[in-house]
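Those letters in the sequence shown? Residues 24 to 225, per the working numbering, in order. Here a beta-carbon is modelled for each residue, glycine too, at the ideal position from N, C-alpha and C. Below: one structure, written as structure tokens.
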Amino acid sequence: MTRMLASVTGIEEAEIALSGGVDIVDLKDPKAGALGAVSMETMLRTISFIAGRAPVSAVCGDLPMEPETIRIKAEEIAATGVDYVKIGFFPSANISACAQALEPLAARTKLIAVLFADLAPDFELLPMFARHRFHGVMVDTAQKGKGRLLDHLPPERIPGFVDRTKSLGLMVGLSGSLEAPDIPRLLPFAPDFLGFRGALCG
Numbered sequence: 024m025t026r027m028l029a030s031v032t033g034i035e036e037a038e039i040a041l042s043g044g045v046d047i048v049d050l051k052d053p054k055a056g057a058l059g060a061v062s063m064e065t066m067l068r069t070i071s072f073i074a075g076r077a078p079v080s081a082v083c084g085d086l087p088m089e090p091e092t093i094r095i096k097a098e099e100i101a102a103t104g105v106d107y108v109k110i111g112f113f114p115s116a117n118i119s120a121c122a123q124a125l126e127p128l129a130a131r132t133k134l135i136a137v138l139f140a141d142l143a144p145d146f147e148l149l150p151m152f153a154r155h156r157f158h159g160v161m162v163d164t165a166q167k168g169k170g171r172l173l174d175h176l177p178p179e180r181i182p183g184f185v186d187r188t189k190s191l192g193l194m195v196g197l198s199g200s201l202e203a204p205d206i207p208r209l210l211p212f213a214p215d216f217l218g219f220r221g222a223l224c225g
């Protein structure tokens, strides 16, 4: 069954999301970038407010593809007790090294790799994420306001991505400026979750 992930910036939006019955509450500050991180104070206060009523995910921010930088930030966010830590993987020759640096953390925390539909995502990386013990992979968009997921990732490519990811034992998610009409278009592909932000704020 496909679950709904709602990105929120803090307690006020988390309360709205919970009252709407979302399955996963995602902490993210869109003003700080595609995967802009909320402050640690906001993260801790919101986790405390949610108090286990729904799983919580949090993004690491738009970080440079530097293994140690990403490892340190992911460790910091994992220490808050969130259920999932989301890490953006932007095009770089260092992607494999970054994933490898996170493997020790992945052994004890559910890490979600985020690829970007508008940055020519390389789905040949999927086995690499599985090898380094990631929990899942999702596709999002990096440049908000410049097209939705389906503008950059043709529907005919989605089943291959979803099926390949699942075949590797990874959780799979789809996001990227999704709107209500996208739900019936994407549900047949059976992702584990669909992520929303802008559509919930309209």
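Item                                                                                                                                  : Value
Excluding sequence positions up to five away, which residues of its chain have a Cβ less than 8 Å from the Cβ of GLY59?               : LYS51, ASP52, PRO53, VAL82, GLY84 and ASP85
Under 8 Å: do the stretch 117–124 and the stretch 196–214 share three or more Cβ pairs, one atom per stretch?                         : no
Which residues bound the beta strand (DSSP E) around LYS109?                                                                          : 107–111
My understanding is that MET194 touches ASP163, with C-beta atoms under 8 Å, so please give their C-beta distance in whole angstroms. : Between ASP163 and MET194 the Cβ distance is about 14 Å, and since that is not below 8 Å, they are no contact.
Per DSSP, which residues does PHE216 bridge with? Please list them.                                                                   : ARG26 and GLY196
Determine which residues share a DSSP beta bridge with VAL45 and list them.                                                           : For VAL45, which the question treats as bridged, DSSP gives no partner whatsoever.
Tell me where the alpha helix (DSSP H) around SER119 begins and ends.                                                                 : 118–124
Would VAL82 count as contacting chain E if we go by Cβ distances under 8 Å?                                                           : Looking for chain E here will not work: only one protein chain is present.
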